[in-house]
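Participant:
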Amino acid sequence: MSTELTLRIEGMTCASCVGRVEKALTGVPGVENVAVNLASESARVSWRDGAPDVTGLIAAVSKAGYGAMYDPPDSVSPASDSIEQAIRREARGVFVGAVLTLPLLVPMLAELTGAHWMLPSWLQCLLATPVQFWLGARFYRAGWKALLARTGNMDLLVALGTSAAYGLSIYQWLVRGDPAHLYFEASALVIVLVRLGKWLEHRAKRQTTEAIRALQSLRPLVARVRRDGEGDVEVPLAQVAVNDIVVIPAGERIPVDGIVIEGNSSVDEALLTGESLPVAKGPQDKVTGGAINGEGLLVAQVTAVGTETVLARIIRLVEDAQAAKAPVQRLVDQVAAVFVPVVLVIALFTLLGWGFMTNDWSVGIINAVAVLVIACPCALGLATPAAIMAGIGAGAKQGILIKDAQALEIARKVGMVVFDKTGTLTQGQANVIGHQAVSPDVPLLAWAAAIQSGSTHPLAKAVTQAATGMTLPAATSIEALPGRGMRAIVEGRVLELGNRRLMDESGADCAPFAAQAAQWQSSGHTLSWLADVTGASRRVLGLLAFGDPLKPSARAAIQRLHALGIQCALVTGDNRSAAQAVADAIGIDQVEAEVLPADKAGVIAKFKTQGHTVAMVGDGINDAPALAAADVGIAMGTGTDVAMHAAGITLMRGDPQLAAAAIDLSRRTVAKIKQNLFWAFIYNVVGIPLAAMGLLSPVVAGAAMALSSVSVISNALLLRRWMPR
């Protein structure tokens, strides 16, 4: 079984750096898979067996020329702190560089007014030298490490380009004695512009991690624990254990997951589920750490702490998804692997071409510098992860948790959404709305409740509730019959309680209740039959009808999916009449009824063979195989952990409209990825030829290069405004 860990990577600047770090980590024995994310400056490493060799991984990254740090999974990620430090560092560099470079630009600005004058050559050199070798030192260091690794990156291109412009200026001044053709301002300004671009880039990156920071801020540092003999004691959150009793005053954040044992209140879960309205909580209701208690005092028993809380799992899920690579990123990786060598060759041909054609090698050098400076693979490396981080963050704010980038990318192609019925389209709170026994001597409800006394199925809960106050006989040899019902021995009789399929398999005659069954089914009710199958006897003793109201948003969810051009289907173990009534009420296109849990995956496979990209929406354990079989599994967060584990997308609210919202978010995110890749490629496709033809100065090339990364991230950040319709 593989394990995963995350490393923070320092020093990456472009897509080429990503490839180098991945190659270095992949070479460590025991590593199964590596995904490096430039936007989050992290590496997600899958380790095959045993404890991961963290020291070996960090050493491999260091040997490749970068820094690496390991953050334990339960720690509050300091990635945002490192981003803040980078922002301050770049800001200082940009300020100092601007102060030194501005005097070099004054003569250029003066020419716009018709004046012609120049700073002394020695003063130009004095101003440009600290910019070149102090502020530009980072480019030399990273570029040198790239050369040692026999590869290239953005830093190497900037170092070569600015060094060529600076060196040419020294040559013109000291060797040729030509102070009229110096390029100190070009080399200095390019470095300042690149540092300015990095400052803007880091500021934008901070916004892409906003969702994670918002979730982490929900973690309280302390909790009030009720202990015998000590009263209510405030202790650090790390000291709270499962089964402790915590006291949650009004207006405070709930520190851990638990079950309310005293008090009534309303709880604000907006940042966890996207639900804007407070949710009423009372005894036996679950509360989630990070939510805000409303007006009442709550006392709860702790059910989960640390990494097992819902909040910790949400944070981990969002972090995992943001660190993952989308399939489209493979194209970018292939381009990045050859990008820098190709640019170096183009720059060399530019130098030789202009030098031989004009016999003025200074022109060739300046045009080659422009090629090196504008050809930045940074935007390529940021295009996909920036959009994914912004999209997944926007979804998390609205209660849509996306497990990985692959699910996000595939969801945009979905052409059919298949819904489970109970708990997904219905409220999952069934009630017994009618029952009929073969004779008054048959205690139908009591026997049915006895058979299902230990079951957690919604229908079993409805029967147990309907039998409240009755004296229930003992039931023995209780046996669950998946997809059909239950069997038990009650008062010496072998009784079966289940659907029509079970009755047919047992040979029980349902004819005496046919008319009543047809009436209830036509109204959309679910039926359960009780039969005595003792010995050769096969006699139906009674019939129960259940009503499970549709969720208020079910019809709107189907309408929204239809508006997106998506077909909808219902797959359920319920009888066909009841399933069809639900489908007709909300506008579902196809119905697959009386389907056993094990056969739901087969229904999904059938739809896939018809050419559909299929999403399955469900909430129960019996939906897990279908969720896994679908192209995209969408689990209701109000359902079981098994369903959420099998799904690629989890909806934290039990609102089926979020299924349409998730698909809409996927389409918008992939559209942003395509837009970003277009802009990243177009900068280079247009800019490199213009620079090679001498139509771009190094200063303009530097500005365009800095703008490319900023524009890509800024475009991705537009996703932060996304809201479900």
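The opening residue of the sequence shown carries number 0 in numbering that gives the first Met the number 0; numbering runs sequentially from there. For glycine and all other residues, C-beta sits at the position ideal for the given N, C-alpha and C. Note that the structure is a prediction, hence the values are computed from the model and not measured.
Kindly indicate which three-state DSSP category serine 76 falls into: helix, strand or coil?
Facilitator: Annotation note: pLDDT 48 at serine 76 (below 50); position unreliable, coordinate value reported separately. Per DSSP, reduced to three states, the secondary structure at serine 76 is coil, with no helix or strand assignment.
Participant: Who pairs with histidine 434 in a beta bridge, going by DSSP?
Facilitator: Leu543
Participant: Hey, quick one: how far does the alpha helix (DSSP H) through asparagine 714 stretch, first residue to last?
Facilitator: 697-716
Participant: Cutting at 8 Å between CB atoms, please list the residues of its own chain near alanine 600, excluding the five before and the five after it.
Facilitator: Listed in chain order, the non-local C-beta contacts of alanine 600 below 8 Å within the same chain comprise Pro624, Ala625, Ala627, Ala628, local neighbours out to five positions each way being set aside.
Participant: Would you mind reading off the limits of the beta strand (DSSP E) that contains tryptophan 46?
Facilitator: 41-46
Participant: How close, in whole Å, do the beta carbons of alanine 389 and arginine 719 come, if the pair is a contact with beta carbons under 8 Å?
Facilitator: 6 Å
Participant: Using only the alpha-carbon positions, how far apart do isoleucine 360 and arginine 149 sit?
Facilitator: A quick correction: the sequence has tryptophan, not isoleucine, at residue 360. Using only the alpha carbons, I get a separation of about 28 Å.
Participant: Just grab the DSSP bridge partners of valine 33 for me.
Facilitator: Val44
Participant: Just confirm the distance between the C-beta atoms of threonine 608 and glycine 414, as a whole number of angstroms; I'd bet it's less than 8 Å.
Facilitator: Not a contact, Cβ separation roughly 13 Å.
Participant: Look at the alpha carbon of proline 655 and the alpha carbon of alanine 555, and state the distance between them as a whole number of angstroms.
Facilitator: 9 Å
Participant: So, at 6 Å on beta carbons, what are the nonlocal neighbours of serine 665 in its own chain, with the 5 sequence-adjacent residues on each side left out?
Facilitator: Leu407, Ala410, Arg411
Participant: Whole angstroms are fine: how far does the CA of tryptophan 198 sit from the CA of alanine 85?
Facilitator: 8 Å
Participant: For aspartate 177, collect the residues of the same chain with a Cβ closer than 6 Å to its Cβ; drop the 5 residues on either side in sequence, then sort them by chain order.
Facilitator: Gln171
Participant: Would you list the one or two residues that DSSP bridges to asparagine 292?
Facilitator: Val266, per the DSSP bridge assignment.
Participant: In the DSSP assignment, what residue or residues form a beta bridge with tyrosine 69?
Facilitator: Answer is Leu6.
Participant: Take every Cβ of the stretch 534-546, pair it with every Cβ of the stretch 504-520, and state whether three or more of those distances are shorter than 8 Å.
Facilitator: yes
Participant: Where in the stretch 476-559 do unbroken runs of the beta strand (DSSP E), each at least 3 residues long, occur, reported from the N-terminal end onward?
Facilitator: 484-489, 492-497, 525-531, 538-546
Participant: Taking the runs of the beta strand (DSSP E) that are 3 residues or longer, which of them lie wholly in the stretch 412-462?
Facilitator: Correct list: 415-418, 430-436.
Participant: Could you check where the alpha helix (DSSP H) with cysteine 13 kicks off and where it finishes?
Facilitator: If you look at cysteine 13, you'll find it isn't in any alpha helix (DSSP H); DSSP assigns it neither H nor E.
Participant: Decide if valine 368 is buried, meaning its Cβ has at least 16 other Cβ atoms within 10 Å, or exposed.
Facilitator: buried
Participant: How is the beta strand (DSSP E) around valine 301 delimited, first residue to last?
Facilitator: 297-303
Participant: What would DSSP say about aspartate 50, mapped onto helix, strand or coil?
Facilitator: The sequence shown places alanine at residue 50, rather than the aspartate named in the question. Correct three-state label for alanine 50: coil.
Participant: Going by DSSP, what residue range makes up the alpha helix (DSSP H) through proline 129?
Facilitator: 120-129
Participant: What residue range does the beta strand (DSSP E) around glutamine 589 cover?
Facilitator: In the DSSP assignment, glutamine 589 falls within the unbroken beta strand (DSSP E) covering 589-591.
Participant: Whole angstroms is fine: what's the gap from glycine 564's alpha carbon to aspartate 588's?
Facilitator: 12 Å
Participant: For phenylalanine 94, count neighbouring C-beta atoms within 10 Å of its own C-beta (all shown protein chains included) and say buried if the count is 16 or more, exposed if not.
Facilitator: exposed
Participant: Looking at alanine 336: is its Cβ nearer than 7 Å to the Cβ of alanine 679?
Facilitator: no
Participant: DSSP puts arginine 280 in a beta bridge; with which residues?
Facilitator: The sequence shown places lysine at residue 280, not arginine. Ser264.
Participant: Residues in its own chain within less than 7 Å of glycine 281 by CB, not counting five upstream and five downstream?
Facilitator: Val259, Asn263
Participant: Just to check my reading of the structure: valine 493 and valine 462 have Cβ atoms closer than 8 Å, yes? What is that Cβ distance to the nearest angstrom?
Facilitator: Not really, about 19 Å apart at Cβ, beyond 8 Å.
Participant: Taking the Cβ atom as the reference point for each residue, do alanine 690 and isoleucine 373 lie within a distance shorter than 7 Å?
Facilitator: yes
Participant: Confirm, please, whether the CB-CB distance from leucine 192 to alanine 702 is below 7 Å.
Facilitator: yes
Participant: Go ahead and pull the three-state DSSP assignment for glycine 564.
Facilitator: coil
Participant: Taking contact to mean at least 3 C-beta pairs separated by less than 8 Å, is the stretch 567-583 in contact with the stretch 518-528?
Facilitator: yes
Participant: So for leucine 217, helix, strand or coil by DSSP?
Facilitator: coil
Participant: Could you give the distance in angstroms between the alpha-carbon of leucine 542 and the alpha-carbon of leucine 569?
Facilitator: 25 Å
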